Structure formats: C-alpha cells, structure tokens
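**Q** Residue numbers (the numbering used here): 117 to 540. All residues carry an ideal CB built from backbone N, CA and C; glycine is no exception. None of these values were measured; they are calculated from a predicted model. The structure follows.
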Ligand SMILES: Cc1ncc(COP(=O)(O)O)c(C=O)c1O
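This is the structure:
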C-alpha cells in the first residue's frame, strides 16, 4: 500500500546536509585545541561543560549573522541565550518566568502547534490556557479584542513581580502568550508589523511576556513575501525608550529547520540582558552548562564558513517547488471553494474544506488507503472552553517530508475519496 504522510514535520532524509555537518564536527573537534579557552571565563572547549548562556564567541557569531539577515543591527551577544532547540526553549522560558501561583493566564494562538500544550501543562499552567484566534481577514492577524478583554478581566496594570534567590533576581510575568508569528504552524500565516507592534503595547501595559516561536523566519521561499522583523527586534529597538528592566518578548529560535533537528541547537533572543541572564541560569543550565555545547560550536562553524547560507538556499528551493506542486494539486483535485493559507514559507499549509464535505469520514477513509492527512482537531489549545472544532473542516499539510510526486499523488487520492464519499 502507498504510504503518503502529510503529518511529518521534519525534512526528508535526503535533503539534510549530512556531509557539511560531519565536516563541521570534524573541524570543531580536530582542527583547533582551543587552548586560549582554558583561561577564558566566557568560552569553554567544545567537549567541556559550557558557560550558562553558551560560548561568547558562538553567541557573537549568531548575533552578527542574525543582524545581517534582518539588516537591523539590534542584536548583540548579551541578548542571546543558547538552547537545545525551540521545544526545550519554551520549557526553559516557562520554568524561568512563570509560577502557577503568580502567573494568571497563558494565552495560546489557535489553531496551535499542538505539542506545545504539554509544555504549559508541565509548567503547571495547563488549567490557565486561553485560546486566541488567528483572524486572516481582519485589521489584526489575531483576535486582539478578545486578548485585551481577557487581560483586563484577569490582570492589573502596574504589576512587576520580582522574586529573589541565590542566583539573583527573577522576574515573574503576570501573563505569557505563545505564538508563531511567521509562517505559523499550523495556520500558515505571517503577522503584520501592525499586529506585532500592538501586541507589544498590550504586553507592556499588562505585564505579559510574548514567547514567539520564530522557527521558520529564514525559510521564506516566495520572493514576493516580505517578513516584518521578529517582535524581539521591535522590542530591542524601542526598549531604550521605556523604563522596564526586562522587556516583554523572547524570540525563541532554532536551527532545527535550517540545519537539522537532530543537532538540538536553538537560541533565545530577548530585548534586555537582564531577561537573557535570567533564562541562562535556570537550574539545569546552572548544573550542566548550556545544553548543547558541542553542537553550538558546530553551528558557529557552519555560519562562519558560509555553509549555513548555502544550506538554507537549498532548503528554500526544495520547499518552494513542493509548495507550488501542493497548491496546484489542490486546485486540480479538490473542490473549487477549498481555502488555502500558507505556502510562501515554512513547512505548513492550513486547508479549509467546504462545509458540505464530511472531513472526518474522508480522513478516516484516506488512512485506509495509506494517505495520512492530519485533521484540524489535533491543533486545538487544551481546555474545553478553547475548542474551535477545527476538525470539522480543516487540515494541516506539511511540505517538509514528501517529494513532489508523493504530494501530487496524495492530493489526487484525497480528491477521489471526497468524490467517492459524496456530500454530507
Ligand atoms: C512552531 C514550532 N515550534 C517548535 C518546533 C520544534 O522545534 P525544535 O526542534 O527546535 O525543538 C516546531 C517543529 O515542528 C515548530 O513548528
């Protein structure tokens, strides 16, 4: 039986840059003895315990690369904390900046990156989740009216809670919000500058930390799309004009999508050194140092040799072609009023099918034929008040794993199945 799986959100094995990664490990491990690092408090040997935020040299390389990419010179090494990827990054942020007692609500954009729900549960915030809808056809890209009314309902203005322990001061936010503002997973949307700026204003007013999973920023493969800067960059620039010490945003970024997920390297960028320092001294970092010490030096090597930019170009050309084939196939094989969001960057397209189609039955029948189409049901924010019934009409499709032939074949079978089952 054909197996065509539109769920898998990782790259096809054949497009992962295995040789470049192997060469970079070899260079890092064999081409230098890093003797000067032995007496350097800011940098450690690749096989030693790392410093809390990660090697200063690596953070400097990443911050220069990021500034270069956005053509905005606002990032510096002291605004970066290295991580073991975006997933670990969110867990680290919640462990550091929230407590179930002091943090009132956690807002999560819906449809959401489904695996994030459990990270909030682990942090003790599972009962405090409130879904905020993406709104593709209004003034703002998410429902900021609802967000503001919930902030007013549950919060106070002028709150600034600082706890103290032997590691120093610890800022706890009254609210946190999780979002994927660029090529969102699963919604396929990119939020405007206006939405980002308004979010930051609300965050400042109500003592809220914006946690942006900025994981697809560099996979912009449609030359027509311009992406606004990450919220943390907007925050870095205007943080100078306000008196708040910690800022209100973190860009939680990763090399999983632009090198390989198995590397487990990411970086967190905030608007203030105070917040970055706080993120870097969570208990596990204090005990074991930065979580991916060796691999962070490999990433720095790939940046410095220029290889990373070539790797990204290759990913973008592969994904651009796959997204095109997917969009064309949807037009060719699915009902005419099928709505498609995304396909200009990142991994995911969000598809809304006409109401007459029994989405659940079609998906079930497709699974019998070996075609996996993930129902929108899986992209709900946890909690019974948060359900949007995404499963009734929506699905998420990934272009990171399937070849163009598999994509066309899968959509063809999908279209045939819709016809076979008829309307509700
Ligand atoms: C929005 C989002 N965040 C996080 C991740 C996981 O990233 P990492 O491998 O860096 O943990 C993904 C992967 O699909 C994602 O789409």
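Which two residues bound the contiguous alpha helix (DSSP H) that contains residue 547?
**A** Because the chain spans 117 through 540 in this model, residue 547 falls outside it and cannot be assessed.
**Q** List the whole-angstrom C-beta distance separating residue 160 from residue 219, where the pair is believed to meet the contact cut-off of C-beta under 8 Å.
**A** Actually they do not touch by this definition, with Cβ atoms about 33 Å apart.
**Q** Give me the pocket residues for ligand 1, defined as CB within less than 6 Å of any heavy atom, sorted by chain position.
**A** So the residues near ligand 1 by this Cβ test are 125, 201, 202, 203, 229, 296, 301, 329, 331, 370, 372, 377 and 382.
**Q** Do residue 364 and residue 320 have their CB atoms nearer than 7 Å?
**A** Yes, the Cβ-Cβ distance between residue 364 and residue 320 is below 7 Å.
**Q** How close, in whole Å, do the beta carbons of residue 261 and residue 225 come, if the pair is a contact with beta carbons under 8 Å?
**A** No, residue 261 and residue 225 are not in contact; Cβ-Cβ is about 14 Å, not under 8 Å.
**Q** Check whether the Cβ atoms of residue 331 and residue 357 lie closer than 7 Å to each other.
**A** The answer is no: Cβ separation not under 7 Å.
**Q** So, at 7 Å on beta carbons, what are the nonlocal neighbours of residue 322 in its own chain, with the 5 sequence-adjacent residues on each side left out?
**A** For residue 322, where only same-chain residues beyond five positions count, the Cβ hits under 7 Å are 267, 271, 273, 290 and 291.
**Q** Could you check the C-alpha separation between residue 454 and residue 240 for me, to the nearest Å?
**A** So the alpha carbons of these two residues sit roughly 39 Å apart.
**Q** When the Cα atoms are used, what is the spatial distance from residue 133 to residue 515?
**A** Each residue's alpha carbon lies about 18 Å from the other.
**Q** Tell me the DSSP secondary structure of residue 167 in three-state form.
**A** Here residue 167 sits in coil by DSSP.
**Q** Helix, strand or coil: how does DSSP classify residue 248 here?
**A** Three-state DSSP puts residue 248 in a strand.
**Q** To the nearest angstrom, how far is it from the Cα of residue 379 to the Cα of residue 536?
**A** Whole-angstrom Cα-Cα distance: 44 Å.
**Q** At what residue ranges does the stretch 457 to 490 contain a whole run of the alpha helix (DSSP H), taking only runs of 4 or more?
**A** Runs found: 475 to 484.
**Q** Consult DSSP for residue 375 and reduce its assignment to one of helix, strand or coil.
**A** Looking at residue 375 - three-state DSSP - the assignment turns out to be coil, as it is neither helix nor strand.
**Q** Rounded to a whole number of angstroms, what is the C-alpha to C-alpha distance between residue 244 and residue 143?
**A** Those two C-alpha atoms are separated by around 47 Å.
**Q** Output yes or no for whether 7 Å exceeds the beta carbon distance between residue 348 and residue 386.
**A** A contact, by the Cβ cut-off of 7 Å.
**Q** Apply the 10 Å Cβ neighbour rule to residue 278 and answer buried if 16 or more other Cβ atoms are within range, or exposed otherwise.
**A** With fewer than 16 other Cβ atoms within 10 Å, it is exposed.
**Q** How big is the Cα-Cα spacing for residue 275 and residue 265?
**A** If I take the Cα positions, the gap works out to 17 Å.
**Q** For residue 389, which residues in the same chain have their Cβ closer than 6 Å to its Cβ, ignoring the five residues on either side in sequence?
**A** Within the same chain, residue 389 has close Cβ partners 194.
**Q** Residue 538: buried (16+ other C-beta within 10 angstroms of its C-beta) or exposed?
**A** Burial call: exposed.
**Q** Counting only runs that start and end within the stretch 273 to 351, where is the beta strand (DSSP E) found for 3 or more residues in a row?
**A** 277 to 281, 284 to 288, 291 to 295 and 324 to 330, all fully within the stretch 273 to 351.
**Q** How many angstroms separate the CA atom of residue 415 from the CA atom of residue 397?
**A** Answer to the nearest angstrom: the Cα atoms are 22 Å apart.
**Q** With C-beta atoms as the reference, is residue 346 less than 7 Å away from residue 309?
**A** No. Outside cutoff.
**Q** At what residues does the beta strand (DSSP E) containing residue 199 begin and finish?
**A** Element bounds for residue 199: 196 to 199.
**Q** Work out the CA separation of residue 452 and residue 419 for me, nearest whole Å.
**A** Computed Cα separation, rounded: 44 Å.
**Q** Label residue 501 either buried or exposed according to how many other C-beta atoms from any shown protein chain fall within 10 Å of its C-beta, with 16 as the threshold for buried.
**A** Per the 10 Å Cβ criterion, exposed.
**Q** From the DSSP output, in three-state form, read off residue 394 for me.
**A** Correct three-state label for residue 394: helix.
**Q** Mind reading off the beta-carbon distance from residue 213 to residue 288? Whole number of angstroms is fine, and I expect it under 8 Å.
**A** Rounded, the Cβ-Cβ distance is 6 Å, consistent with contact.
**Q** Buried or exposed for residue 302, please, with buried defined as at least 16 other CB atoms from any protein chain shown within 10 angstroms of its CB.
**A** Residue 302 comes out buried.
**Q** Would you say residue 248 and residue 258 are within 7 Å of each other, going by their C-beta atoms?
**A** Yes, Cβ-Cβ distance for residue 248 and residue 258 is below 7 Å.
**Q** Taking residue 456 and residue 446 to be in contact with their CB atoms under 8 Å, please state how far apart those CB atoms are, rounded to whole angstroms.
**A** That belief holds up - the Cβ atoms of residue 456 and residue 446 are roughly 6 Å apart, short of 8 Å.
**Q** Which residue comes first and which comes last in the alpha helix (DSSP H) that contains residue 224?
**A** Looking at the DSSP string, residue 224 is not in any alpha helix (DSSP H); the run it does join, the beta strand (DSSP E), is 221 to 226.
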